Amino acid sequence: MGRVQVSNKEEFPEMENSDFSDTQLIRHFRGVLVAVTTGDRENYDELVGYLHPSKKKLNPDEVALLVTTLKALSGTVAYIDPVHHESLLFAVSRISMWNFGTDVMDALLELIISLAASNGKYIDWCLEMLVKHFVPPFYLADSLKQENGIDKKNKVLSRVHSALKEIADLVPLAPLRLSPIVVQKMPSLFSNESEIVMYVENMLRLACGAIGEIVGSTMLPAVVDRMLELDVEIGWDGILLEDVKGIFEMELEEITEFADEDENFDMPPSELLNRKNLQGNVVVEKLDSLMVLTFLHLESCESSGRVALVFDILLTSFQRTVLNAYKSKFTQFVMFYACALDPEGCGVKFATALANMFVCDVNPPITRMSAVGYLASYMSRAKFLSAALVTSLLQSLVDWCHTYCKSHDFDMNPRAHQVFYSGCQAIMYTLCFRMRSLMDVPRLKLQLLNMSMEAIWKHKLCPLKVCLPTVVVEFLRQAKAAQLFMASESFLFNDMLESDLSKAFGGMDRLDMFFPFDPCLLKKSESYIRPHFVRWSNVRTTYDDDENDELSDCGSEVSDDDFVERNARDMIDDDMMVSVEHLDFNPDLNKMSITPKKSLKYGVETPLDRCVRMPARIRPSTSPESL
Amino acid sequence: MEGLKVSKGNITVYIHPSKSKQVSHAVLRELSSLLFTFSQVFDGVVLAYDPNSLDICAKILPGVYPYFGVKLNVNLLLFSPKPNMLLEGKVVKLTHDSIHLVVLGFSSAIITEKDIREDFLCKTKRGQEVYVSRSNKQHVIKVGTMIRFLVKSFDEEILHVYGSLIPDHTGSIYWLENNLEVATHNDRSEKKRRIVPEPIMPEQDVVVGELSALDIVQKGKNSKKQKHQEEP
């Protein structure tokens, strides 16, 4: 403790000598504190008064008095009693470091650390006090954007974090008590963006820091859970409920409009005005910022070689919350990005974990269906996954479905065999994206041809009739072009499409339409995802070569999209070092879906329909029909 | 060092039916939840466990969820400091007001000024506080020193020990062993130093333990633990 000279006489009028050593001061304070227990509160009340600055701006003398008092108190913590000195503790808890200079900050932290180490009773109080400083008082929030503010922020937060570390050194079990406090004090969903972003910044800083080993396993899942809460707050599906159109029209037509809403919310179409899009957008912005923070955190973990460790934490949290969350639209991209950073390690682990969850019959059907939905979407969209891995995963799915067929000799029943149908749909969906690339490798082509898929499609359970027609049509078309089915010259499957039975197997949550890694609509996050993401418009299908001419003829919209899309891709390909931030044009963000405009539900399949493409974004729906 | 003991427990662990496929795993998880918390039943903080035998028959509890109780014998390493026991800890912070210690790497301890005997004087040397004995200048306590102290009380919730340096046989272990027990210091000092980590480290392996750990009766470890228990 540094020696503090108090030269101002007025500060301690009862003492005649103007210079005291800090030892003398401490002795005096001890006397004051002890006197309270005997009923003498006069000096004590005066002491508490020093800790209650009457105005916000203190003059140097008042600051010196405050610093002196705090320093002397930290020398007397053993005499502070939670019952007798409650008002003193309350006064200390009111002091915010954000309002003062570094002198007061240091003195206050010294007191907090001494208190935390002195007595087990104060540890929670001290930790809460420090956590409170993660976010500045609301009246300072605006000033933090200026240069002074940033400097102040650094000063306060670096001190808070080093104090937490110091407490952990003195009280080794303190981090265990810190985690629940940090999670509990997290700003609510409705707090403003800067507040929650700053708090999460601090949480992630804790996870990276010296005590990260202990608290890290709580921080990241808590952040992900909060993002998920924000995610499900974005009520797009609820908005679409107002539409009385059929489900397919919803996915196929409204989507473009919907993306427009997100992108051009300055000038929303008149019908969108009723959809409280502004409210939605506040949440979207918040979520987007948190996602970017998490991505940056993952990047820093990757550079420090801890990404595998962090991924294990993320995976557990994913299985616990995100996997079964209905209407999770964006939060899952945290997993996607973590996998993209370490494709060989995390990327493979994620795919294997999902496949295992699907196959494991202990899991409830809804978990298995979600897992296989995630798997299909992940295998289709992740640019970084090798074709060999995809093939081996497909093989395991096909094997499972084949075994299921053999053991279930029943007729079609969407509800009873929903897990089976979701498995079949996953195979088809993945192949829609990957068939061409697998066919190009002779070894994988052979493996694909040897899979016992045909037996599954021709089984009495009729997966082709039950699965989502859009997926089935696209799959059959590609399979035909690639001659996947040797025996079926006549292609008996053509007439197998029926009405939307998929609704029945998808259940209330419409898991049949669940493709979680469809293009991310969050603007900032999308720029991180983009280099690792496969878009449907970039996929080369097995029929591409044959039907190039047809494609170019089939409507200007599609070819325009294609054109922009390919330009964008070429740009990235030409210069791999290009920074994603500089790519501010965003040609395909408006385009959630590139699916046929006409619903297949009505069985009308025009040549135009045939040449356009897969659903790129199909959301679970709660429309009255499906309920 | 006192305060460490090995107890044999005959306990029943209740397992949720959803865990019935991996009973041994579930048992280990349940046991792990005891770690580093004070347990009234065992009268101490559970530091490590070593399940010896698992009863094959489990009793099913009637109810909405048919939990089943698995009986097992466990050796538990407990930390239960009682007043007037002698503990050893590493000094992590020194002030004029107090000495802060960490015992066994997890429990914090404090010795306040009024519990430090007057023989010790707090001085500032090269910017750092040290406690020096007036009667013997060689007896120095500074940050990093291992000291032996007397337990005054123990906060069971936060596992915080309040200690005292009043008795003469407390203070820096290095100095005490060199000066108070000259005859045997060579043997004992080495042994003492080894005692602190040994009972903990092997046990933690069991805590993290593989499933097979359940079935292996680790006789070697048990006998070692019992030896430690007798020694202090």
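Chains as they are written, first to last, in our numbering: chain Z, 11 to 637; chain E, 121 to 352. Beta carbons are placed, not taken as given, at the ideal position from N, Cα and C, and that holds for glycine. This structure is a prediction, so every number in the text was calculated from the model and none was measured.
For the segment 287–347 of chain Z, the continuous alpha helix (DSSP H) assignments of 4+ residues that do not extend past its boundaries occur at 287–313, 317–330, in sequence order. By a beta-carbon distance limit of 8 Å, Z:Leu118 contacts Z:Met107. Their separation comes to about 6 Å. In this structure, the straight-line span from the alpha carbon of Z:Lys296 to that of Z:Asn202 is close to 8 Å.
Excluding five sequence positions before and after Z:Glu205, the CB atoms of its chain that fall closer than 6 Å to its own CB belong to Val145, Pro197, given in chain order. Residue pairing by DSSP places E:Ala178 opposite E:Val190 in a beta bridge. Against chain E, a Cβ distance below 7 Å from Z:Ile133 picks out Ile278.
Rounded to whole angstroms, E:Ser292 and E:Leu124 show a C-alpha spacing of 20 Å.
When DSSP reads this structure, E:Glu208 sits in a beta bridge with E:Arg268.
Within the same chain, and ignoring the five residues on either side of Z:Phe368 in sequence, the residues whose Cβ sits closer than 6 Å to its Cβ are Arg378, Ala381, Val382. Cβ-Cβ distances below 6 Å link Z:Met438 to Val481, Phe485 in the same chain, with the five nearest sequence neighbours on each side left out; the list follows chain order. Contact of E:Thr244 with chain Z is not assigned, every C-beta pair being separated by 7 Å or more. Contact between the segment 191–204 of chain E and the segment 232–249 of chain E is absent, with fewer than three C-beta pairs closer than 8 Å. Secondary structure at Z:Thr401: helix, using DSSP grouped into helix, strand and coil. In terms of Cβ geometry, Z:Val102 and Z:His143 do not form a close pair [threshold 7 Å]. Sixteen is the threshold: since fewer than 16 other Cβ atoms of the shown chains lie within 10 Å of the Cβ of Z:Pro92, the residue is exposed. Residues of the same chain with a CB within less than 6 Å of the CB of Z:Arg444, apart from the 5 flanking positions on each side, are Val400 in chain order.
Taking the beta carbon of E:Glu233 as reference, the chain Z residues within 9 Å of it are Ala88, listed in sequence order. Contact annotation: the segment 216–232 of chain Z does not touch the segment 154–170 of chain Z, with fewer than three C-beta pairs closer than 8 Å. The beta-bridge partner set that DSSP reports for E:Asn195 consists of E:Lys128, E:Asp170.
Per the Cβ contact rule, the segment 116–130 of chain Z is in contact with the segment 81–91 of chain Z (3 or more Cβ pairs under 8 Å). For Z:Asp371, the closest C-alpha among the options Z:Val73, Z:Tyr414, Z:Pro473, Z:Gln405 is that of Z:Tyr414. Burial of Z:Cys442 is indicated by the presence of at least 16 other C-beta atoms within 10 angstroms of its C-beta. When the beta-carbon positions are compared, Z:Ser432 and Z:Pro526 stay at least 7 Å from each other. Counting other Cβ atoms within 10 Å of its Cβ, Z:Ser547 reaches 16 or more and is therefore classed as buried.
Taking C-beta atoms as the reference points, Z:Val141 and Z:Leu238 fail to come closer than 7 Å. For E:Ile236, no Cβ of chain Z is located within less than 7 Å of the residue's own Cβ. Around the C-beta of Z:Leu403, 16 or more other C-beta atoms lie within 10 Å, and the residue is accordingly described as buried. The C-beta of Z:Gly85 comes closer than 7 Å to at least one C-beta of chain E. Within a 10 Å sphere around the beta-carbon of E:Ile131 sit 16 or more other beta-carbons, which makes this residue buried. Listed in chain order, the positions of the segment 195–218 of chain E with a beta carbon within less than 8 Å of a beta carbon of chain Z are Val212, Lys213, Thr215, His216, Asp217, Ser218.
Looking at the DSSP output, E:Glu249 sits in a beta bridge with E:Thr244.
DSSP places Z:Ser462 outside both helix and strand once states are collapsed to three, so it counts as coil. Counted as a single uninterrupted DSSP element, the stretch harbouring Z:Tyr132 is not any beta strand (DSSP E), since DSSP gives it neither H nor E. Annotation for E:Ile231: the continuous beta strand (DSSP E) segment containing it runs 227–232.
Residue pairing for E:Val222: DSSP places it in a beta bridge opposite E:Lys210, E:Ser228. Cβ neighbours of E:Ile286 within its own chain (closer than 8 Å, five residues either side excluded): Asp235, Ile236, Arg237, Leu270.
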